[in-house]
Amino acid sequence: MRQVKRQKGFNRKDGRAYLLLLPYILLFSTFILIPVLIAVYLSFTYFDVINEPTFTGLLNYITLFTQDEVFLKFVLPNTFLYALIVGPGGYVLSFLLAWMLAQIQPIPRTVLALCIYTPSMLGQVFIGVIWKTIFSGDQSGWVNSLLLQWGLIDTPIQFLLTKDYFMLIMIVVSLWSAMGIGFLAMISGILNIDQELYEAAYVDGLKNRFQEIIYITVPSMKPQMLFGAVMAIVNAFNMGWIGVTLSGANPTPEYSGQLITNHIDDYGFIRYEMGYAAAISVMLLLIVYAFNVAAHRLFGEKD
Amino acid sequence: MSQKKKQKRGNFQGSRINPRHFSKGQVKFYIILVPLSLFMILPVVMLINRAFMPLGELFAFPPHIIARNPTMNNFKSLFALSSTTGVPMLRYLLNSVIVTVLTVLLNLVITILGAYTFAKKNFKGKAVLFEINQLALMFVPTAVAISRYLVIVNLNLTDTWLVHVLPLAAMPVGLFLVKQFTDQIPDALIEAAVMDGAKELTIVRRIIVPLIRPALATSVVLTFQQVWMAVEASNNYVNNDTMRTLAYYLNSLSTNNTVAAAGMTAAASVLLFLPNLLIFICMQSQVMNTMSHSGIK
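Each protein sequence line maps, in turn, to chains Z and C. Counted from 1, the first sequence has number 1013 at position 32 by the numbering used here; the numbering is strictly sequential. Counted from 1, the second sequence has number 95 at position 74 by the numbering used here; the numbering is strictly sequential.
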């Protein structure tokens, strides 16, 4: 009798487990789960912070995809271009770097890996300070000074105030700081592959190192590849502040570096159209989710 | 002949990954990796040097990469300078230290309990909860900055110390990594302790924590990086300058385009960067150890 009851309901053992998890669940809900739910709710309303939200149905989404010229003309293409290069591009790059690092001796490997990892632990402010100095629009900027010295230009280029190079600079800076823990995970993933697998594969007719990567290395470290992929995607979308930090203004010069996160801030924190901003947030979360589903399809192990 | 060749190749394969010695085959990797590592680290080296440059050198043409006449003046004026609202630099530094220590400690306790429960307990709803946490790995905080703000305002957390700490105290990536690491502790160890009458928290303290040190170190590193550099709370949730952090102050310095601010910005950057780097270097072998269990299946 007692036994049956235990299996059905919530027993003391479950209760204790939840007690241990309680702090995590509380904070997780407050700062991650509930904000997501609120964003979904607000996305169906008009909300200006002062008055109560009024329900408007799908209006925000319809406006976003039919009337918002900035979104359709700049934000969406920019976001996809940027996210595809920094996400999958950064990911492939971090795998290749990790793979090459695995081919050299431990001590130089540690030193070089540290150099490559360092930019990813700098944080928004620091990255802004460094790259604003490098691309400064007068002759004291490092890039301008080099170009002037080599006689390639006569007057300094306003790198961060004009649209011509802005996206390119954003991508370089983002890739530079993209070799984060996903990169570290891949290094240890590659180092932990059983050496005998390689030997066996060569006996079975593996011909070169490229085949080695495709048939042995990547399949043997799928879990790390997936972890790295998730980290790369998150990084690509989390770096949305980069354009605003570099140019010092939202919107970025002629919307050249306007990403979806800047568009959210523009409507949310500048125009106080919270409902509309929330609809853009929901779109962003859906895009991130779609990328993740793709990553899981590629590297997930079905059990 | 062919057998000899084959054998030679066989030996070569085995030693190519994680080699102990230098061989000619590695040269091509060094040729790519060394310049690339220099490219990665050079901006950081240049900024650190700027912190020690006298004013004249900061705006020299052509710019110097290495400070030729190093000076501590930038640091001195940074510490002497109070912001427009009269808050001295040291106050921001102190705030950063307090906020960081609190967040790291709270995060550590929460992560240990959470990882232990997920790894070693069977309870209803476990699969669903862990799945939610997996989904949260890809959470992009900037996407919901606005609704997060609304939550914080409604909880009356604005202008409190907690607003710096709580949003960063639960970190899905940290929990995930520590949980994966805890998975490897044999259940028998815990069962034996239970037989001996050990209580839950004793098990955690005496058995789990000592065995998962590398993963905990990693979690500390990651939390530290996030909170030490965070500007979100200071920007959005705190209106009182005496409660803002060093990262925020550096941010406000860097938007100030005066000549004097350039040196101080670099000096403040170095103060912000060095603890970060040192902690990572000290913990790097633990981090790498943890990363080998980081896979998502």
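All residues carry an ideal CB built from backbone N, CA and C; glycine is no exception.
field: Same chain only: Cβ atoms within 8 Å of C/Thr223, ignoring 5 sequence neighbours per side
entry: Ala214
query: So who's on the other strand from C/Ser103, going by DSSP bridges?
result: C/Pro109
message: I'd like the list of long-range same chain contacts for Z/Tyr1254, defined as Cβ closer than 6 Å, with 5 residues on each side in sequence excluded.
response: Reading off the sequence, residue 1254 of chain Z comes out as Glu, not Tyr. Answer for Z/Glu1254: Tyr1248, listed in chain order.
- request: Check the Cβ of C/Pro188 against every Cβ in chain Z and list those closer than 7 Å, keeping chain order.
  value: Phe1012
message: For Z/Tyr1027, list the residues DSSP reports as bridge partners.
response: Z/Thr1035
field: 9 Å Cβ cut-off: residues of chain C touching Z/Asn1231
entry: Within 9 Å Cβ-Cβ: nothing; Z/Asn1231 doesn't reach chain C, min ~12 Å.
field: Beta-carbon proximity list for C/Thr92, same chain, < 8 Å, skipping 5 on both sides
entry: Phe73, Met74, Pro75
- prompt: In this structure, does DSSP put Z/Trp1222 in helix, strand or coil?
  reply: helix
message: Using the three-state DSSP reduction, which class does Z/Lys1054 fall into: helix, strand or coil?
response: helix
field: C-beta neighbour in chain C for Z/Asn1189, strict 8 Å
entry: no
task: Answer yes or no: do C/Phe50 and Z/Gln1084 have a C-beta to C-beta separation smaller than 8 Å?
output: yes
Straight-line Cα distance separating Z/Ala1271 from Z/Leu1165: 25 Å
message: Closer than 8 Å is the cut-off here; do at least three beta carbon pairs connect the segment 1016 to 1024 of chain Z with the segment 162 to 174 of chain C?
response: yes
message: For chain Z, check one thing: does any of its Cβ atoms lie closer than 8 Å to the Cβ of C/Asn90?
response: no
- request: Could you spell out where the alpha helix (DSSP H) holding Z/Val1124 opens and where it closes?
  value: 1123 to 1130
query: Are the C-beta of Z/Arg983 and some C-beta of chain C separated by less than 8 Å?
result: Caution applies to Z/Arg983, whose pLDDT of 45 falls short of 50 and renders its modelled position unreliable; the model cannot decide the point.
- prompt: the segment 1052 to 1064 of chain Z: which residues have C-beta closer than 7 Å to a C-beta of chain C, in chain order?
  reply: none
query: By Cβ distance below 7 Å, which residues in the same chain neighbour Z/Leu1023 in space, the five residues on each side in sequence not counted?
result: Pro1034, Met1255, Gly1256, Ala1259
field: Alpha-carbon spacing of Z/Leu1001 relative to C/Asn128, whole angstroms
entry: 14 Å
- request: Go ahead and pull the three-state DSSP assignment for Z/Leu1133.
  value: coil
- request: Kindly indicate which three-state DSSP category Z/Ser1228 falls into: helix, strand or coil?
  value: helix
message: Which residue marks the beginning of the alpha helix (DSSP H) containing Z/Gly1109, and which one marks its end?
response: 1105 to 1115
query: Can a CB atom of chain Z be found closer than 8 Å to the CB of C/His42?
result: yes
query: Does the beta-carbon of Z/Leu1234 have 16 or more other beta-carbons within 10 angstroms, so that it is buried, or is it exposed?
result: The residue you asked about is not Leu; residue 1234 of chain Z is Pro in the sequence shown. Buried, because 16 or more other Cβ atoms sit within 10 Å of the Cβ of Z/Pro1234.
- prompt: When the distance is taken between beta carbons, is C/Ile173 closer than 8 Å to C/Val184?
  reply: yes
- prompt: Any Cβ of chain Z within less than 8 Å of the Cβ of C/Glu78?
  reply: no
- request: State yes or no: is the beta carbon of C/Pro83 nearer than 8 Å to at least one beta carbon in chain Z?
  value: yes
query: Taking the alpha helix (DSSP H) that C/Ile53 falls in, what are its first and last residues?
result: 48 to 72
DSSP-derived helix/strand/coil call for C/Lys145: coil
- prompt: Three or more C-beta pairs closer than 8 Å, one from the segment 260 to 271 of chain C and one from the segment 107 to 126 of chain C: is that the case here?
  reply: yes
- request: Measuring only between beta-carbons, confirm whether Z/Glu1282 sits less than 8 Å from chain C.
  value: yes
- prompt: Between the C-alpha atoms of C/Met309 and Z/Ile1162, what's the straight-line distance to the nearest angstrom?
  reply: 9 Å
message: Checking 8 Å against the spacing of the C-beta atoms, do C/Ala238 and C/Ala251 come in under that value?
response: no
query: So what does DSSP say about C/Gln201, is it helix, strand or coil?
result: helix
query: Hey, out of Z/Arg1278, Z/Asp995, Z/Phe1140, whose CA is closest to Z/Val1211's CA?
result: Z/Arg1278
query: Start and end of the alpha helix (DSSP H) containing C/Ala287?
result: 280 to 312
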